[in-house]
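Asks: Chains as they are written, first to last, in our numbering: chain B, 26 to 120; chain V, 26 to 120. Before we start, here is the structure in question, set down as structure tokens.
Structure, rendered in structure tokens:
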């Protein structure tokens, strides 16, 4: 599951998630989220943090008040793996 | 309290906190923190989030696994204010 996605498997896996863009200069995907305020943004991040810890696969993310930027990539795989696609799906479900 | 710090008041206020560096190209201060793992980093961030929400003054921050980067600046003041110094003190106490 930690193998870097490539070719048809990659495009098929990425087709199952929406709004995630390729990060420039590295094999990673990213998405931005905007909430009503910090309280809501933090609530979202907390739910994602729980899921990430459970899956032992963590996002690279930043937060400024009501905005959250998330980058997903699998360090061990050196790029986007099915773990990232799975986490992206959880994130989208939480958001 | 939201006035941008300048001159002697600024240097005196910044002298009360340790390890916070000036951010290049903008009036802000930043510090990096490193923990044992994501669990610890998230625990730290959660305590800071509570304090920030209570003070209604929020950090700009990013997290990658066990690392947390924090930037403090007061949007309304257009730079570093006593609110940032107060939040920096809370952050250092939590860390």
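Glycine included, each C-beta is placed from N, C-alpha and C at the ideal position.
Answer with buried or exposed for residue 31 (chain V), where buried requires no fewer than 16 other C-beta atoms within 10 angstroms of its C-beta.
Replies: It is exposed - the Cβ of residue 31 (chain V) has fewer than 16 other Cβ atoms within 10 Å.
Asks: For residue 86 (chain B), would you say it is in contact with chain A, using Cβ-to-Cβ distances shorter than 8 Å as the test?
Replies: In the structure shown, chain A cannot be found, because the protein chains are B and V.
Asks: Anyone know if the C-beta pair for residue 103 (chain V) and residue 62 (chain V) falls short of 8 Å?
Replies: For residue 103 (chain V) and residue 62 (chain V), no; Cβs fall outside 8 Å.
Asks: On a Cα-Cα basis, can you pick out the residue from B:50, B:56, B:33 that is closest to residue 19 (chain B)?
Replies: The structure shown does not extend to residue 19 (chain B), since chain B is modelled only from 26 through 120, so no value can be given for it.
Asks: By the 10 Å Cβ neighbour count, where 16 or more other Cβ atoms means buried, how is residue 82 (chain B) classified, buried or exposed?
Replies: By the 10 Å Cβ count, residue 82 (chain B) comes out buried.
Asks: Using C-beta distances below 8 Å, list every residue in its chain close to residue 29 (chain B), excluding the 5 sequence neighbours before and after it, in chain order.
Replies: Closer than 8 Å at the Cβ level, and outside the excluded window around residue 29 (chain B), lie 52, 99, 102, 103, 104, 105, 106.
Asks: Looking at residue 93 (chain B) and residue 69 (chain B), is the spacing between their C-beta atoms short of 8 Å?
Replies: Result yes, Cβ atoms of residue 69 (chain B) and residue 93 (chain B) sit closer than 8 Å.
Asks: Looking at C-alpha atoms only, which residue of V:65, V:111, V:67 is the closest neighbour of residue 38 (chain V)?
Replies: Comparing Cα positions, the closest option is V:111.
Asks: Determine the direct distance from the alpha carbon of residue 45 (chain B) to that of residue 54 (chain V), and round the result to whole angstroms.
Replies: So the two alpha carbons sit approximately 31 Å from each other.
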